[in-house]
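So the protein sequences, as listed, match chains A and B. To get this note's numbering, take the position in the first sequence, counting from 1, and add 2. To get this note's numbering, take the position in the second sequence, counting from 1, and add 38. Following: one structure in structure tokens, then a few remarks.
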Amino acid sequence: MNMIEFRNVTKVYEDNNTALKNINLTIKKGEFIFLVGPSGSGKTTFIKLLIKEIPVTSGNIFVAGRNICNLKASRVPQLRRNIGYVFQDFKLLPNKTIFENVAFALEVIGKPSYVIKVQVPQVLKLVGLANRLNSYPHQLSAGEQQRVSIARAFVNRPPILLADEPTGNLDPTTSEGIMRLLSRINLIGTTVAMATHDKSIVNSMRRRVVELEEGEIIRDQKRGVYGV
Amino acid sequence: MIFRPKYFFGETFISLRRNFLMFFTAITTVAITLFIVGLFLILVYDVQGILTSIKGQVEVAVYLKDNITDELKSYLENEIKGWDEVSEVKYVSKDQALEKFKKENEGSEILKEIQGNPLPASFELKLKSPEKVEQVALRFTDKNGNYIEGVDEVIYGQNYVQKLFSITAIAGTIAFLIIIVLLLAAIVLIFNTIRLSVHARRKEIEVMKLVGATNWFVRLPFLFEGFFEGFVGSLISVILLYFIANYLLIRGEKAIVDTMHIKDLAILGNNNIIVYIYAGLILLGGLIGIFSSGFALKRYIKV
Chain A
3 MNMIEFRNVT KVYEDNNTAL KNINLTIKKG EFIFLVGPSG SGKTTFIKLL IKEIPVTSGN
63 IFVAGRNICN LKASRVPQLR RNIGYVFQDF KLLPNKTIFE NVAFALEVIG KPSYVIKVQV
123 PQVLKLVGLA NRLNSYPHQL SAGEQQRVSI ARAFVNRPPI LLADEPTGNL DPTTSEGIMR
183 LLSRINLIGT TVAMATHDKS IVNSMRRRVV ELEEGEIIRD QKRGVYGV
Chain B
39 MIFRPKYFFG ETFISLRRNF LMFFTAITTV AITLFIVGLF LILVYDVQGI LTSIKGQVEV
99 AVYLKDNITD ELKSYLENEI KGWDEVSEVK YVSKDQALEK FKKENEGSEI LKEIQGNPLP
159 ASFELKLKSP EKVEQVALRF TDKNGNYIEG VDEVIYGQNY VQKLFSITAI AGTIAFLIII
219 VLLLAAIVLI FNTIRLSVHA RRKEIEVMKL VGATNWFVRL PFLFEGFFEG FVGSLISVIL
279 LYFIANYLLI RGEKAIVDTM HIKDLAILGN NNIIVYIYAG LILLGGLIGI FSSGFALKRY
339 IKV
């Protein structure tokens, strides 16, 4: 089953900068793919289009078989609840504790508190932070903060997890830990798409690699490495 | 979306505690600006009250010739009673006028000089609408500007009355403009402060949107906060105004009344309108709070 499908997708920004040119790509359920390429090659645009943070210029995007390009604005929150999103800069709320940061993602989609009380500690255990529930983000290391951000993205058990340079701010050892975590989430059946230009990570993981350059796919390899 | 009051009120008060400085700023801004608006409103309302009582004391005195016949006199009296502008007509005979004059000048040398009764009989007119005093006075003259038969002179303090009316008209316009300007300044200040407090939390809004919160879910706690800030701020301003109006202004006005000998002055606090001013300020505060939050959010909510 195709989890994500791009059909002839083109994105031109208001300043006439073409970020993606006629992209055709399918990602199957349970797949783990790397989006690689230099800065400005269209990786982030690819991810932003998937959560409808920005609209497509032409073409169609299907998520779980549904065309999201003609999705009504009122249905966008529903789409986003099915897609976890991990940022390079974590985007944790500094005035909330770790527990509250993760719980926030459930609260704002209207989950009752008894669900929150069960699911939040569970997912924090999964990312290895079960003993830091009451800490504040600034009391954690960068790697730990990224784990919290992953926990927040995954707490609702979305079928898709998108990660935009999740290891961009981390050192190699910490990055490895984050990658192990993402692999585990992938093993549970989650489709994971990760944008990165971290060569060593891509080479060590041996997953599907889609390489973008100036908005076009120049390589799509089953068990690829970063560069040829 | 399921409405969950516990979440919304909880969020409102958690963020109240954590963003205390921002709330404090917003609330004091609302309190101070609305206090100034309210104080000015009360002062203007009060001055208008004083001017209205002064206007109410405008009278027209119609002095009659000594040789006027009784028929003409009663004809005139009936005629005046029929005019819409006039609320009260009092006939003062020559004797009554002399008696009044004697009373007012008791012990004075003038009384010894008086021989017989030089004072004229007169009609004293009170008006329903003091602004029409000139029209009323003109009714006692013919086409050529001479007084009609039997009337010797009509006096209504021409210069004084005209000045009073033009001053009140100008003062009213200026006061209205100042209130509009003050109100706009208050709205802009409050809006900017609340916008800043929303801006300070744009990251929170972004995260909410990206994890799939609906727009209303993002909006409601902010609207509550905006309302809360506006409501508490305006409440503080009204409490301040209440004390100032009841203790300082009333005393000041009593002093003015005592020195100026103004009758029937509408003293502040005797009137319900002041309660409407208070209620209006609180309503205004709450509404500005909600709308400011709503408008400020517009920019951030479109993720």
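In this text, a Cβ means the ideal position worked out from N, Cα and C, and glycines have one as well.
Check, Outcome
"DSSP beta-bridge partners for K31/B?", "In the structure displayed, chain B extends from 39 to 341; residue 31/B sits before or after that span and is not available."
"Does the structure place the segment 138–150 of chain B close enough to the segment 80–87 of chain B that three or more beta carbon pairs sit under 8 Å?", "no"
"Check the C-beta distance from K93/B over to P168/B and give it rounded, since I have them as a contact under 8 Å.", "4 Å"
"Kindly list, in the order they appear in chain B, the residues whose Cβ is closer than 7 Å to that of A107/A.", "V249"
"Could you work out which residue in R225/A, E146/A and G217/A is closest to K45/A when comparing CA atoms only?", "G217/A"
"Starting from D23/A, follow the beta strand (DSSP E) in both directions and report where the run begins and ends.", "Rather than Asp, the amino acid found at residue 23/A in this sequence is Lys. T20 to K30 is the span of the beta strand (DSSP E), which, as asked, contains K23/A."
"Output yes if chain A places a C-beta closer than 7 Å to the C-beta of N310/B; else output no.", "no"
"Does chain A have any CB closer than 7 Å to the CB of V245/B?", "yes"
"In chain B, which residues lie less than 7 Å from P79/A when you measure between Cβ atoms?", "G250, A251 and T252"
"Is E187/B buried or exposed, if buried means 16 or more other CB atoms sit within 10 Å of its CB?", "exposed"
"What residue range does the alpha helix (DSSP H) around E244/B cover?", "R240 to L248"
"One question on the structure: do G67/A and R9/A come within less than 7 Å of each other, judged by their Cβ atoms?", "no"
"If contacts are defined as beta-carbon pairs under 8 Å, then V174/B and E123/B qualify, I think. What distance do you get, rounded to the angstrom?", "5 Å"
"Does DSSP put V212/A in a helix, a strand or coil?", "strand"
"Can you check which of these residues, I29/A, I100/A and N18/A, is closest to R3/A by C-alpha distance?", "Here residue 3/A turns out to be Met, not Arg, going by the sequence shown. If we check each option's Cα against that of M3/A, I29/A comes out closest."
"Opposite G86/A in the DSSP bridges: which residues?", "L163/A"
"Below 7 Å CB to CB, which residues in the same chain sit around S202/A once its five sequence neighbours on both sides are set aside?", "P174"
"Which residue spans inside the segment 82–142 of chain B form an unbroken alpha helix (DSSP H) run of at least 4?", "108–119 and 132–142"
"So, does the CB of G307/B fall closer than 7 Å to a CB anywhere in chain A?", "Only weak support exists for where G307/B lies, its pLDDT of 48 falling under 50; the value from the coordinates is given anyway. No, no contact with chain A."
"What are the boundary residues of the beta strand (DSSP E) that A195/A is part of?", "T193 to A197"
"Compute the beta-carbon to beta-carbon distance between G86/A and T193/A, rounded to the nearest angstrom, for a pair I have assumed lies under 8 Å.", "About 10 Å separates the two Cβ atoms, so there is no contact after all."
"On a CA-only basis, which of Q121/A, P123/A, K50/A and R208/A is nearest Y15/A? Give me that one, please.", "K50/A"
"Check whether the Cβ atoms of V65/A and I111/A lie closer than 7 Å to each other.", "no"
"Taking 8 Å as the limit between beta carbons, can you name the residues of its chain near Y185/B, skipping five residues before and five after?", "F178, T179, E191 and V192"
"Compare the beta carbon distance of Y101/B and P158/B with 7 Å and say whether it is the shorter of the two.", "yes"
"Assign A129/A to buried or exposed, taking buried as 16 or more other Cβ atoms, counted over all protein chains shown, within 10 Å of its Cβ.", "Residue 129/A is actually Val in this sequence, not Ala. Label assigned to V129/A: buried."
"Note down the Cα distance separating G332/B from I217/B, rounded to an integer number of angstroms.", "25 Å"
"Near G191/A, which residues of its chain fall below 6 Å by C-beta distance, leaving aside the five closest residues on each side in sequence?", "G32"
"Between E263/B and chain A, is there a C-beta pair that is closer than 7 Å?", "no"
"Between L1/A and G324/B, what straight-line distance do the alpha-carbon atoms span, to the nearest angstrom?", "Only positions 3 to 230 of chain A appear in this structure, which leaves residue 1/A out of reach."
"With a cut-off of 8 Å on the beta carbons, I'd call P123/A and L135/A a contact; round off their distance for me.", "7 Å"
"By Cβ distance, which residues of its chain are closer than 8 Å to N103/A, with the 5 residues on each side in sequence left out?", "L94, L95, P139, V150 and R154"
"Measure from the C-beta of E242/B to each C-beta in chain A and report whether the shortest distance is under 7 Å.", "yes"
"Would you report the Cα separation of L222/B and I25/A, rounded to the nearest angstrom?", "52 Å"
"Would you list the residues sitting across from K13/A in a DSSP beta bridge?", "L22/A"
"Would you check if there are 3 or more beta carbon pairs closer than 8 Å linking the segment 224–236 of chain B to the segment 55–68 of chain B?", "yes"
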